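Residue numbers (the numbering used here): 54 to 230. C-beta: ideal position from N, C-alpha, C; glycine also. Quantities reported herein were computed from a predicted structural model and do not represent experimental measurements.
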């Protein structure tokens with residue numbers, strides 16, 4: 054995932070994972086429905102920090118197609134999220150949290166949709182809450198807005214690939230000068 058994808062998640066209140074990740078998150082959401090929230094902690098690969106936390110608000114809609122993601126053809130489906138924290142918290146703040154369900158590795162070594170046991174999740178939440186942030190993706194939000202607008206302009210539309218004249222000549226098209 055990229056910061057562009059996190060920006061768009063915040064903007065549209067949706068998220069999408071890999072096919073495997075989507076199945077895991079959807080199963081967890083359906084299992085927990087009515088029993089408590091599912092929180093997602095976000096970290097862009099190689100960024101050195103977590104950039105926020107959101108609550109999963111809906112099951113996965115496998116049929117939904119969206120082109121908001123940086124690599125739209127890679128991500129299928131979507132689910133709704135509600136962002137609770139948007140702030141950069143350095144990995145060193147979380148290194149003491151080790152996951153027994155991931156070979157006792159630090160939570161900072163987690164991969165996509167790594168489940169965090171309840172007590173460790175509470176520590177993550179407490180750390181996220183108490184950390185006095187100095188930066189967040191909001192600092193660069195206008196940059197990501199502009200970048201997304203440029204991508205939308207560059208994306209070809211379906212009409213760009215349709216030849217409306219099967220003979221290939223322009224005799225039936227009006228020309229203006």
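Check this for me: beta carbons of residue i and residue j, under 8 Å apart or not?
i: residue 144; j: residue 102; result: yes
i: residue 63; j: residue 128; result: no
i: residue 131; j: residue 117; result: yes
i: residue 147; j: residue 106; result: no
i: residue 104; j: residue 59; result: yes
i: residue 55; j: residue 97; result: yes
i: residue 175; j: residue 152; result: no
i: residue 57; j: residue 207; result: no
i: residue 142; j: residue 186; result: yes
In the structure shown, what three-state DSSP assignment does residue i receive?
i: residue 150; result: coil
i: residue 88; result: coil
i: residue 174; result: helix
i: residue 110; result: coil
i: residue 117; result: coil
i: residue 63; result: helix
i: residue 190; result: helix
i: residue 138; result: strand
i: residue 101; result: coil
i: residue 133; result: strand
i: residue 54; result: coil
Tell me which same chain residues have a C-beta within less than 6 Å of the C-beta of residue i, skipping the five on either side of it?
i: residue 224; result: Here the model assigns residue 224 a pLDDT of 40, short of 50, so the residue's position is not dependable and the matter cannot be decided.
i: residue 75; result: 113, 130
i: residue 85; result: 91
By Cβ distance below 7 Å, which residues in the same chain neighbour residue i in space, the five residues on each side in sequence not counted?
i: residue 77; result: 166
i: residue 81; result: 91
i: residue 109; result: 78, 82, 91, 93, 132, 134
Can you have a look at residue i and say buried or exposed, based on whether 16 or more other CB atoms are within 10 angstroms of its CB?
i: residue 154; result: exposed
i: residue 124; result: exposed
i: residue 182; result: exposed
i: residue 99; result: exposed
i: residue 70; result: buried
Under 8 Å Cβ to Cβ from residue i, same chain only, skipping five residues before and after it: list those, please.
i: residue 191; result: 139
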